[in-house]
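> In the numbering used here, the protein residues as written are 21 to 451.
(1) If the criterion is Cβ atoms closer than 8 Å, does the pair residue 232 and residue 404 meet it?
(2) Among all the DSSP beta bridges, which residues are the ones paired with residue 55?
(3) Pick out the complete alpha helix (DSSP H) segments inside the segment 324-362, 4 residues or longer, and give them in chain order.
(4) Can the beta-carbon of residue 349 be found less than 8 Å from the beta-carbon of residue 378?
(5) Rounded to whole angstroms, what's the CA-CA distance from residue 365 to residue 40? Just pull it up for me.
(6) Taking the alpha-carbon of residue 80 as reference, which of 71, 57 and 61 has the nearest alpha-carbon?
(7) Pick from 157, 186, 122 and 258: whose alpha carbon is nearest that of residue 289?
(8) The beta strand (DSSP E) with residue 306 in it runs from where to where?
(9) In the segment 120-148, which residue ranges form an unbroken beta strand (DSSP E) of at least 3 residues, counting only runs that do not cross its ends?
(10) Between which residues of its own chain and residue 444 is the CB-CB distance below 6 Å, once the five residues before and five after are set aside?
(11) In terms of residue numbering, what span does the alpha helix (DSSP H) encompassing residue 253 cover?
(12) Is residue 355 near the ligand MG - that is, is its Cβ less than 7 Å away from at least one heavy atom of it?
(13) Any contact between the segment 87-101 and the segment 37-56? By contact I mean 3 or more CB pairs, one from each, below 8 Å.
(14) Buried or exposed: which applies to residue 111, given that a residue is buried once 16 or more other Cβ atoms fall within 10 Å of its Cβ?
(15) What does the alpha-carbon distance come out to for the pair residue 229 and residue 368?
(16) When you compare the CB positions of residue 363 and residue 335, do they come within less than 8 Å of one another, or not?
(17) Near residue 438, what residues of its chain come up, given a Cβ to Cβ distance below 6 Å and the 5 sequence neighbours on each side ignored?
(18) Leaving aside the five residues before and after residue 158 along the sequence, list all residues of the same chain whose C-beta is less than 8 Å from its C-beta, in chain order.
(19) For the alpha helix (DSSP H) containing residue 393, list its first residue and its last residue.
(20) Below 8 Å on the Cβ atoms is my contact criterion, and I expect residue 199 with residue 120 to pass it. Report the Cβ-Cβ distance as a whole number of Å.
(21) Determine the contact status of residue 303 and residue 281, defining contact as a CB-CB distance below 8 Å.
(22) Exposed or buried, what is residue 189 when buried is set at 16 or more other beta-carbons lying within 10 Å of its beta-carbon?
(23) In this structure, how does DSSP classify residue 260 when only helix, strand and coil are distinguished?
(24) Do residue 244 and residue 325 have their CB atoms nearer than 8 Å?
(25) Name, in chain order, the residues that DSSP records as bridge partners for residue 111.
(26) What are the start and end residues of the alpha helix (DSSP H) that includes residue 420?
(27) Ignore the nearest five residues each way along the sequence and tell me which others in residue 333's own chain have a CB closer than 8 Å to its CB.
(28) Which same chain residues end up closer than 8 Å to residue 95 when comparing Cβ atoms and leaving out the 5 residues on each side of it in sequence?
(29) Apart from the five residues on each side of it in sequence, which residues of its chain come closer than 6 Å, Cβ to Cβ, to residue 201?
(30) Alpha carbons only, please: which of 67, 174 and 238 is nearest the one belonging to residue 46?
(31) Could you tell me how far apart the beta carbons of residue 204 and residue 139 are, in whole angstroms, since I believe they sit closer than 8 Å?
(32) Given a cut-off of 8 Å, decide if residue 252 and residue 322 are closer than it, judged by their beta-carbon atoms.
(33) Could you spell out where the beta strand (DSSP E) holding residue 273 opens and where it closes?
(34) Among residues of its own chain, excluding the 5 on either side of residue 468, which ones have a beta-carbon nearer than 6 Å to its beta-carbon?
(35) If you draw a straight line from the alpha carbon of residue 147 to that of residue 55, how long is it in whole angstroms?
(36) Which value, in whole angstroms, describes the spacing of the CA atoms of residue 297 and residue 308?
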């Protein structure tokens, strides 16, 4: 089959998250002999990257990337942001679709490559999917974080955008989004939490649950030895932003002087975190690490902490910790506690005192650490493996095609009156 992946950021011009999923899915499909093409917007990366440099990226065999670069430069993604459609990219995207003629078009981060209007672009015969890697469908800032201080429960989108120095998107007050979602065959959410948040915030389209996965060789790099560290430590990893909640872990280890905290990543909040950690010899900033180095860091940790202040749609870092048989400590918010309930691979905290107690337990209880780490590793193999994900992915595609055939060739009156005849016609007897 021929797959077209459409997303805003990818490869060296990306920040992780949704791009990591697109990369892993594309590699998995290519390994099985499928042809994969990835379309992304390089202009968008240049517009928002700030001091972020392109990241090293090795393109796998069987995958072709098509970066969009417009003569209008940053005006192209800005037009998409404001108008909710492909804008200057409409012609190049149409030509790309005609050139590759995909069997499946899988949309991911639409924010700056085409907006919801891109979903309306005709792709004859192709199955059209969209995965919600963030809450962009219901939040112009993607993460449901209001006024840079709290979870959004009473939206004030114009004020919130202006405070974040982003122009409001007036198309969100039209019916463009609802109309565009009708062009999809499936709207995929990676967790039940994400399904629930989209439904309660106004998305009328039916959603399909399909969790993320982690391949066995997920780093794609030679293994790195576990770093030697004389003292026990916990680890956090990700972009250094306020919403990641790493500041709460710094505050906690201030009260646990025998436990180190190792922070992997860079970002705009790094200066604030360093100031918060001033005078704490047990807090270490590791800088930007590659995937193999992060894996080694997790392997030696007593726990990996995921203290996000916003609704995570899934939580890839949890799976990466489980891959190293390391338990996690997560905030009781979004998809994170859902993963712990399914795996029994970690501890969940509500308050700062809860976090302190969880850190203290896993710092000193070897049996608990080993049990939770083993549980997480088992759940990863059973629930979030590449094989499990692809089986469900292709079952979804097959079901969409089957329903199309049924609609295109409905049974003649009386032809499917018996249960056996209905099964032969591909119709659920309970419908």
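Glycine included, every Cβ here is placed at the ideal spot set by N, Cα and C.
In brief:
(1) yes
(2) 22
(3) 336-343
(4) yes
(5) 23 Å
(6) 57
(7) 258
(8) 303-307
(9) 124-127
(10) Low confidence applies here, because residue 444 scores a pLDDT of 44, under 50, leaving its location unreliable; read the following figure in that light. There are no such residues.
(11) Careful: residue 253 lies outside any alpha helix (DSSP H), inside the beta strand (DSSP E) at 253-257.
(12) The ligand MG is not part of the structure shown, which contains no ligands of any sort.
(13) no
(14) exposed
(15) 23 Å
(16) no
(17) In this prediction, residue 438 scores a pLDDT of 47, lower than 50, which makes its location untrustworthy; the coordinate-derived value is nonetheless stated afterwards. Once the five neighbours on either side are set aside, residue 438 has no close Cβ partner at all.
(18) 164, 217, 218, 221, 222 and 223
(19) 386-403
(20) No, residue 199 and residue 120 are not in contact; Cβ-Cβ is about 26 Å, not under 8 Å.
(21) yes
(22) buried
(23) coil
(24) no
(25) Residue 111 pairs with nothing; no bridge assigned.
(26) 406-428
(27) 152, 153, 154, 155, 209, 210, 211, 213, 214, 354 and 355
(28) 108
(29) 225
(30) 238
(31) 6 Å
(32) yes
(33) It is not in any beta strand (DSSP E) - residue 273 instead sits in the alpha helix (DSSP H) that spans 266-273.
(34) Since the displayed the chain opens at 21 and closes at 451, residue 468 lies outside it and no answer follows.
(35) 15 Å
(36) 18 Å
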